[in-house]
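Visitor:
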Amino acid sequence: EPEVTQTPSHQVTQMGQEVILRCVPISNHLYFYWYRQILGQKVEFLVSFYNNEISEKSEIFDDQFSVERPDGSNFTLKIRSTKLEDSAMYFCASSEAGGENTEAFFGQGTRLTVV
Amino acid sequence: DAKTTQPPSMDCAEGRAANLPCNHSTISGNEYVYWYRQIHSQGPQYIIHGLKNNETNEMASLIITEDRKSSTLILPHATLRDTAVYYCIVSHSSYKLIFGSGTRLLVRP
Chain A
117 EPEVTQTPSH QVTQMGQEVI LRCVPISNHL YFYWYRQILG QKVEFLVSFY NNEISEKSEI
177 FDDQFSVERP DGSNFTLKIR STKLEDSAMY FCASSEAGGE NTEAFFGQGT RLTVV
Chain B
-10 DAKTTQPPSM DCAEGRAANL PCNHSTISGN EYVYWYRQIH SQGPQYIIHG LKNNETNEMA
50 SLIITEDRKS STLILPHATL RDTAVYYCIV SHSSYKLIFG SGTRLLVRP
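So the sequence lines, in the order shown, correspond to chains A and B. One gets the working numbering by counting positions in the first sequence from 1 and adding 116 to each. Residue 87 in the working numbering sits at position 98 of the second sequence, with consecutive numbering throughout.
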């Protein structure tokens, strides 16, 4: 069964360092998303991406964050200068379409720990 | 997107049906009811979604009331592996899902 894969599963980084989280969405999907979940809190939408552009982003997704689809299969989230409060699980998701009656499938997440 | 209300926790016995309720009284005509679950800190897992008709797949059934103001997710024969947090989300699409606190379901042996 097709699935969204994320690497690495766990990333430890020092405060102020740049980090790139990687995702391989399901192959025929056209819409890509990043969500995050701080420990003990709700899953929060960060950004949606379609046709090589950001479609929508939340208030969390500030200038420190960027997304890219560098090739035909990968989708990345970059945090330029990590802060302690960026420590969270980051989930990538993808969907075949962005319209009504579609479902998004999530990866297993990358646990980012900023020290 | 409409807001949903779910009980914070429920439990059921293994092998029995688990019925998880969700209220969404402000749902609009073109909003779907989505159900996801999250086991431990794993990624949310899609379960099922529907607009107004009842839906069934290999994982669960979704019963939506005629006025669409509430719904019930049914796991027909719960197993220990169904212990998870279940999220009911009302949205026009999966484009931007707003997760609430969900219902923590504990399946007892």
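Glycine residues also receive a C-beta, built at the ideal position from the N, C-alpha and C atoms. None of the values given here were measured: they were computed from a predicted structure.
(1) Thinking C-beta only, is A/Y149 closer than 9 Å to A/S189?
(2) Is DSSP giving A/L137 helix, strand or coil here?
(3) So A/F221 and A/Q153 are in contact, right, with Cβ under 8 Å, and what is the actual spacing, rounded?
(4) Measure from the C-beta of B/L40 to each C-beta in chain A and report whether the shortest distance is under 9 Å.
(5) Reducing DSSP to helix, strand and coil, say where A/L201 ends up.
(6) Establish whether the CB of A/R227 and some CB of chain B are separated by less than 9 Å.
(7) When burial is assigned at 16 or more other CB atoms within 10 Å of the CB, is B/D71 buried or exposed?
(8) Taking DSSP's pairing of strands, which residues face B/Q31 in a bridge?
(9) Once you ignore the five residues that flank A/V128 on each side, which residues in its own chain have a CB closer than 6 Å to its CB?
Guide: The answer reads as follows:
(1) To locate residue 189 of chain A, count along the first sequence from 1; it is residue 73. To locate residue 149 of chain A, count along the first sequence from 1; it is residue 33. No.
(2) Here residue 137 of chain A refers to the residue found at position 21 when the first sequence is read from its first residue. A/L137: strand per DSSP, three-state reduction.
(3) The residue labelled residue 221 of chain A in the question sits at position 105 within the first sequence. The residue labelled residue 153 of chain A in the question sits at position 37 within the first sequence. The Cβ separation is near 16 Å, so there is no contact.
(4) By 1-based counting over the second sequence, the position of residue 40 of chain B is 51. Closer than 9 Å to some Cβ of chain A, the Cβ of B/L40 qualifies, so yes.
(5) Residue numbering aside, residue 201 of chain A sits at position 85 when the first sequence is read from its first letter. For the sequence presented, residue 201 of chain A should be read as Glu rather than Leu. Of the three classes helix, strand and coil, the one that applies to A/E201 here is helix, per DSSP.
(6) Reading the first sequence from its first residue, position 111 is the one you call residue 227 of chain A. Taking Cβ atoms only, chain B reaches closer than 9 Å to A/R227, which makes this a yes.
(7) Indexing the second sequence from 1 puts residue 71 of chain B at position 82. B/D71 is buried by the Cβ-count criterion.
(8) For the purposes of this step, residue 31 of chain B is identified with residue 42 of the second sequence, where counting begins at 1. B/Q31 pairs with nothing; no bridge assigned.
(9) The residue you call residue 128 of chain A lines up with position 12 of the first sequence. Closer than 6 Å at the Cβ level, and outside the excluded window around A/V128, lie T229.
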